[in-house]
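J.: Dropping a structure here in structure tokens format, bear with me for questions.
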Amino acid sequence: MERAFISRLKPFLDAVAEKMDLYVPRKVEGHYVCERYEPGANDAVELNAIRACTPAKEFLFPLRELAAVFPEAVEPKEVKPFAVFGLKACDLRSMEILDKVFTEKEFEDPFYIARRQAMFVIASDCSEPGESCFCNILDGQPYAESGFDLNVSQVEDGYIIAGGSAQGKSFLAAHAALFGDVPDALLAERQRRRDEVRNQLEKANVDFELRAPVQEIVERGYESDVFDACAATCVECQACTRVCPTCHCFYLYDTAQTDYFAKMKMWDSCMRIGYAAVAGGGNPRKLLGDRLRHRLMHKFAYFLERYGVDMCVGCGRCVDAEAGDVDIRVVLKRLSDELTGKGKAVANKTK
Amino acid sequence: MIANLYQPINGEIVEIIDESPTIKSFVIVPQSAFSFATGQFVELTLPGEGEAPFTPSSSPTVTEKMEITIMKAGRVTERLHNCAKGQPIGIRGPYGNGYPIDEFVGKHVYIVGGGVGLAPIRSLFLTLVDRIGDFKSVVCRFGARTPADFIYKDALLGPWQKLDGVNIKLTVDQANGDWSGNVGVVTTILNPKDVDIANAVAVVCGPPIMMKFATVNLLEYGFDPKTVYLSMEKNMSCGVGKCGHCMLGKYYVCKDGPVFTYDQVCKYPKIWE
Ligand SMILES: Cc1cc2nc3c(=O)[nH]c(=O)nc-3n(C[C@H](O)[C@H](O)[C@H](O)COP(=O)(O)OP(=O)(O)OC[C@H]3O[C@@H](n4cnc5c(N)ncnc54)[C@H](O)[C@@H]3O)c2cc1C
Ligand code: SF4
Ligand code: FES
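So the protein sequences, as listed, match chains A and B. Offset between the first sequence (1-based) and my numbering: plus 702. Offset between the second sequence (1-based) and my numbering: plus 35.
Structure, rendered in structure tokens:
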């Protein structure tokens, strides 16, 4: 079954929760976070307008996990199927980015892959762009067309649920009794709503439009003072990298338990001063400006060169999270202005 | 289930050799045969304490045991230095690219090394002399702070000097005791006439400051940046191109390196830091 109509979300979510653990968005102090959905107990339903403030990577690559045990190795634990409702197009893109790293041939991360395979992705269209959303600047859009098992779009009297994968489609078929048909008029309405949100997003971000491909902007701006200038207010809280759904730096550390030794894997941040320090005192990125430059070069040049996609989806989480007021949109915009400004000057000279 | 790339194989330290006041070599027997190419590195785990990258200093033709030469430089290396024979350890790897020996065939191999940088160089040296006829010559220019800081002293001052096709010169920053050799930093024993540069490759491994000045000299002598091979030392954690720690520009040093030509890395700033 390709798509289906339902007037209320609850029966749909109950049906999902019957099969597996389900996580849903809940509004807490103006932001969405994910909580376990428990039919009959914690089963209020909310359709999040935008992505949650917590990144989807938490489901695939937790803050801290056991990576190895000795002397007796243990098999990684099996992961039970689970579903996440309310993921947005930017979240799906962020997972595709993480896939590039953690499913790379010959270097597969078994923990990530196990969770990724167990995850049932229920996406939904954004209904109103958030203040920091700028996915459109990076070729994104506020609704997903692929990368989900199911996708939910709100329409006037209910919801269109589209199947994206074989698993999603068979879910719809198996629960056909819950659903109605989707007439063409409803699809047209969905398109109208999507276009409307996209227009709002474009309007909201006119000031951040970039005038050149983002890779060129960061590469040609490599020596620019903009990085130092923008990092001047950074307080090294590292929140930007924690909430970023595509940042995936980590470190391994060892601990002794009573009867075994463990190697743990924990998130790290390239904005931390000791991140690249080596024994003997060397540190290629002592200055915050150098770290900010590296972070943006990694996102928009190095990652693209290696994996063919940018490592930023324009979700704006880092903009919201920043304690030090470093706004990635502003950094890019200032580099872009500098580049196009310079471009003109060069053109004038050669005339 | 996919194999767990963070799980080390078990091994044991069977012998410890004092090389210098701050450097020891550890002979390690892995639970099963362990193959590596010269210049590749391993992540060595001291259970419960930590993990650090090291390049085996032994010949890759020996797979039932390997030697790792370690300088006391910080937390994990200090604890390794405090270990005794019989200490269980974990080994992940081998990782990285290693030296492209086949590209050295038919050429002079000009090796500049210092300090604990001689560890990977010993493995390379043993590999080269195994097939010495394939190379025009192997020329070594090694430095240490004082005579006592030279590692592999017995081999360096004895049998290695006598090998056909090999030419070795040593220097120390500060002489003492009965040192009768050269005194000065390693660049003072480099000479553009040492080899026919048009038919040579250079290999540099040692402390960053030494690598920096040696590289400057080699380029001045006319070595093509594509023929100067550098072992880049960066902070590492995963060893498999994921954790991000070792990034040098677009490269993951752990996966694309640790051996790079100067040509590959020179466009990035602060490569020696
Ligand atoms: C490819 C490669 C090959 C090398 N080969 C050799 C060799 O053959 N012989 C040799 O002596 N040295 C070698 N080194 C250098 C060696 O790896 C370092 O000296 C060693 O990592 C220092 O570790 P330490 O804990 O003793 O030092 P510290 O100064 O305590 O730590 C050094 C850095 O490692 C990180 N670090 C330390 N402990 C931890 C931890 N528990 N968790 C996360 N990060 C940590 C920290 O970020 C710190 O800045 C090599 C390095 C590389 C990259
Ligand atoms: S860098 Fe910022 S905007 Fe880009 S994906 Fe990460 S958190 Fe979102
Ligand atoms: S050490 Fe983790 S990416 Fe190189």
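All C-beta atoms, glycine included, are put in the ideal place defined by N, C-alpha and C.
Leaving aside the five residues before and after residue 74/B along the sequence, list all residues of the same chain whose C-beta is less than 8 angstroms from its C-beta, in chain order.
T.: The answer, listed in chain order, is 90, 131, 132, 133, 134, 155, 158, 159, 266, 293, 294.
J.: How many Å lie between residue 195/B and residue 105/B at the Cα?
T.: Answer to the nearest angstrom: the Cα atoms are 21 angstroms apart.
J.: Would you check if the distance between the CB atom of residue 863/A and the CB atom of residue 857/A is smaller than 7 angstroms?
T.: Not in contact: residue 863/A and residue 857/A (Cβ atoms no closer than 7 angstroms).
J.: Does any CB atom of chain A fall closer than 7 angstroms to the CB of residue 91/B?
T.: It does not: the Cβ of residue 91/B has no partner Cβ on chain A nearer than 7 angstroms.
J.: Determine which residues share a DSSP beta bridge with residue 244/B and list them.
T.: Beta-bridge pairing links residue 244/B to no other residue.
J.: In this structure, does DSSP put residue 819/A in helix, strand or coil?
T.: Three-state result, residue 819/A: helix.
J.: Is it true that the stretch 167-179 of chain B meets the stretch 135-154 of chain B, where meeting means three or more beta-carbon pairs spaced less than 8 angstroms apart?
T.: In short, these stretches touch, since the Cβ pair count reaches three.
J.: Listing by chain order, which chain B residues have their CB less than 8 angstroms from the CB of residue 967/A?
T.: Result: 41.
J.: Under 7 angstroms, do residue 910/A and residue 1031/A count as touching if we go by C-beta distance?
T.: Cβ distance < 7 angstroms, so residue 910/A and residue 1031/A count as in contact.
J.: So, does the CB of residue 881/A fall closer than 7 angstroms to a CB anywhere in chain B?
T.: Not an interface residue.
J.: Taking the runs of the alpha helix (DSSP H) that are 4 residues or longer, which of them lie wholly in the stretch 933-1018 of chain A?
T.: 941-945, 990-999, 1005-1009, all fully within the stretch 933-1018 of chain A.
J.: By how many angstroms is the C-alpha of residue 800/A removed from the C-alpha of residue 718/A?
T.: The straight-line gap from Cα to Cα measures roughly 25 angstroms.
J.: For residue 970/A, which residues of its own chain have a beta-carbon under 6 angstroms away from its beta-carbon, when the five flanking residues on both sides are left out?
T.: Around residue 970/A: 951, 952, 953.
J.: Out of curiosity, what's the CA-to-CA distance linking residue 60/B and residue 1011/A?
T.: Approximately 44 angstroms, taken between the alpha carbons.
J.: Mind listing the chain B neighbours of residue 993/A? Cutoff is C-beta to C-beta under 7 angstroms, in chain order.
T.: The contacting residues do not exist; residue 993/A stays about 12 angstroms from chain B at best.
J.: Beta-carbon separation of residue 148/B and residue 177/B under 7 angstroms?
T.: Yes, they are a contact pair.
J.: Residue 964/A: which of 927/A, 770/A, 848/A sits nearest, CA to CA?
T.: Nearest C-alpha to residue 964/A: 770/A.
J.: Let me know the secondary structure DSSP gives residue 710/A once reduced to three states.
T.: Correct three-state label for residue 710/A: coil.
J.: Rounded to whole angstroms, what is the Cα-Cα separation between residue 263/B and residue 299/B?
T.: Straight-line Cα distance between these residues: approximately 10 angstroms.
J.: Please confirm if residue 1004/A has its CB atom under 7 angstroms from at least one CB of chain B.
T.: True, the Cβ-Cβ gap to chain B drops below 7 angstroms.
J.: For residue 740/A, list the residues DSSP reports as bridge partners.
T.: DSSP output for residue 740/A lists 744/A as bridge partner(s).
J.: Under 7 angstroms, Cβ to Cβ, is there at least one residue of chain A near residue 270/B?
T.: Output row for residue 270/B: interface = yes.
J.: Taking the alpha carbon of residue 165/B as the reference point, which residue from 244/B, 213/B, 207/B, 93/B has its own alpha carbon closest?
T.: Closest option to residue 165/B, Cα to Cα, is 93/B.
J.: Return helix, strand or coil for residue 765/A, following the three-state DSSP convention.
T.: Three-state DSSP puts residue 765/A in coil, outside helix and strand.
J.: Do residue 145/B and residue 237/B have their C-beta atoms closer together than 7 angstroms?
T.: A contact, by the Cβ cut-off of 7 angstroms.
J.: Would residue 937/A and residue 1019/A qualify as a contact pair, given that the criterion is a beta-carbon distance under 7 angstroms?
T.: No.
J.: Going by the beta-carbon positions, is the gap between residue 290/B and residue 279/B smaller than 7 angstroms?
T.: Not in contact: residue 290/B and residue 279/B (Cβ atoms no closer than 7 angstroms).
J.: Can you tell me the Cα-Cα spacing of residue 901/A and residue 895/A, whole angstroms?
T.: One C-alpha to the other measures close to 10 angstroms.
J.: In chain B, which residues lie with their C-beta within 7 angstroms of the C-beta of residue 957/A?
T.: Here the neighbours are 83.
J.: Using the C-alpha atoms, what's the distance from residue 932/A back to residue 704/A?
T.: Cα-Cα distance, rounded: 47 angstroms.
J.: Following the continuous beta strand (DSSP E) through residue 71/B, name the residue where it begins and the one where it ends.
T.: From DSSP, residue 71/B is part of no beta strand (DSSP E); its letter is neither H nor E.
J.: Could you check where the alpha helix (DSSP H) with residue 116/B kicks off and where it finishes?
T.: Start and end: 110-116.
J.: Assuming residue 855/A is part of the beta strand (DSSP E), what are its boundary residues?
T.: From DSSP, the beta strand (DSSP E) with residue 855/A extends over 852-857.
J.: Note down, in chain order, all residues in the stretch 967-981 of chain A with a beta-carbon under 9 angstroms from any beta-carbon belonging to chain B.
T.: Within the stretch 967-981 of chain A, the qualifying residues are 967, 970, 972, 976, 977, 978, 979, 980, 981.
J.: Between residue 703/A and ligand 3, is there a pair consisting of the residue's CB and a ligand heavy atom that are separated by less than 6 angstroms?
T.: Answer for residue 703/A: no, Cβ out of range of ligand 3.
J.: Can you pull the chain A residues whose beta carbon is under 9 angstroms from the beta carbon of residue 86/B, in chain order?
T.: Result: 954, 955, 956, 965.
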